[in-house]
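Asker:
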Amino acid sequence: MSTVIHVQHERENGIALSLEQEAMLVKSSSPYRLYFLIALYTGMRPNEYSTLRREGDMLIVKNSKRKGNKIEYKRIPICPMLHPYIGDLTEIAFPTLQTLYKNLRKELGCCLYDLRTTFNTRCVECHVDENARKLMMGHSLGKLADAYTHVSDDFLKKEAQKLCYTLPL
1289 MSTVIHVQHE RENGIALSLE QEAMLVKSSS PYRLYFLIAL YTGMRPNEYS
1339 TLRREGDMLI VKNSKRKGNK IEYKRIPICP MLHPYIGDLT EIAFPTLQTL
1389 YKNLRKELGC CLYDLRTTFN TRCVECHVDE NARKLMMGHS LGKLADAYTH
1439 VSDDFLKKEA QKLCYTLPL
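For what it's worth, the numbering used here labels the leading residue of the sequence shown as 1289, then goes sequentially.
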């Protein structure tokens, strides 16, 4: 009788960009720079890029990590780090993930998920409220908080204003 060994999948975590790498991305002349910056300053999952739409000073994204095929949208304020690049742009159509992945790898040697990790890291470094950070990232607040907590857009916008820092030249 042969034995089947099941190897547990090891989750890979992204690595946050250094401030120097972030500055390189901001100064990049890549035609994909805007898409990289939107991903970097929103914390979206790569598979959520195609669902992005804008409503005023909020970006609306379909949360891809809801149980039971429940459709839920997360509301991400446009933070001060992103605003100069996105301006009044209303239509945002992302290139394919393969194109973005290949070009980001060529540009910085990192992957798309590293941009999400960087956003979360900068939120922590800038003292963004934990619940606001989780909501922008599309994470659960926990069963009790999910059931009894409603965070206003004004609160999210106020917390997103904390994402304002100086990059090295």
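We put the beta carbon where it would ideally sit given N, CA and C, even for glycine.
Let's test the definition: count the other Cβ atoms within 10 Å of the Cβ of PRO1365 and tell me whether it reaches 16, buried, or not, exposed.
Answerer: PRO1365 should be labelled buried.
Asker: Looking only at its chain, what residues have a beta carbon closer than 6 Å to the beta carbon of ILE1380, apart from the 5 residues adjacent to it on each side?
Answerer: LEU1340
Asker: Going by DSSP in three states, PRO1334 sits in which element: helix, strand or coil?
Answerer: helix
Asker: What separation, rounded to the nearest whole angstrom, lies between the Cα atoms of ASP1417 and ASP1441?
Answerer: 13 Å
Asker: Rounded to whole angstroms, what is the Cα-Cα separation between ARG1333 and LEU1455?
Answerer: 24 Å
Asker: Roughly how many angstroms separate the alpha carbons of TYR1453 and THR1291, rounded to a whole number?
Answerer: 55 Å
Asker: Among the residues of its own chain, which have a CB less than 6 Å from the CB of HIS1297, if the five just before and after it don't count?
Answerer: Per-residue confidence for HIS1297 stands at a pLDDT of 47, beneath the threshold of 50, marking its modelled position as unreliable; the derived number appears in the next sentence. Here the set comprises nothing.
Asker: If I follow the unbroken beta strand (DSSP E) through GLU1343, where does it start and stop?
Answerer: Per DSSP, the continuous beta strand (DSSP E) segment holding GLU1343 begins and ends at 1341-1343.
Asker: Which residue comes first and which comes last in the alpha helix (DSSP H) that contains MET1425?
Answerer: Per DSSP, the unbroken alpha helix (DSSP H) holding MET1425 starts and ends at 1418-1425.
Asker: Check whether the region 1388-1396 and the region 1318-1327 are in contact - that is, three or more C-beta pairs closer than 8 Å.
Answerer: yes
Asker: What are the boundary residues of the alpha helix (DSSP H) that TYR1373 is part of?
Answerer: 1371-1374
Asker: I'd like to confirm the pairing. Which residues does DSSP put opposite MET1312 in its beta bridges?
Answerer: Answer by DSSP bridge pairing: none, since MET1312 is not bridged.
Asker: Return helix, strand or coil for ILE1348, following the three-state DSSP convention.
Answerer: strand
Asker: Does the beta-carbon of SER1306 have 16 or more other beta-carbons within 10 angstroms, so that it is buried, or is it exposed?
Answerer: With fewer than 16 other Cβ atoms within 10 Å, it is exposed.
Asker: Taking 8 Å as the cut-off, does the region 1370-1377 touch the region 1323-1332 (at least 3 CB pairs, one atom from each stretch)?
Answerer: yes
Asker: Starting from the Cα of HIS1438, find the closest Cα among ASN1419, GLN1449, ALA1448 and give me that residue.
Answerer: Looking from the CA of HIS1438, the closest CA among ASN1419, GLN1449, ALA1448 belongs to ASN1419.
Asker: Which residues does DSSP pair with ARG1404 in a beta bridge?
Answerer: According to DSSP, ARG1404 bridges with nothing at all.
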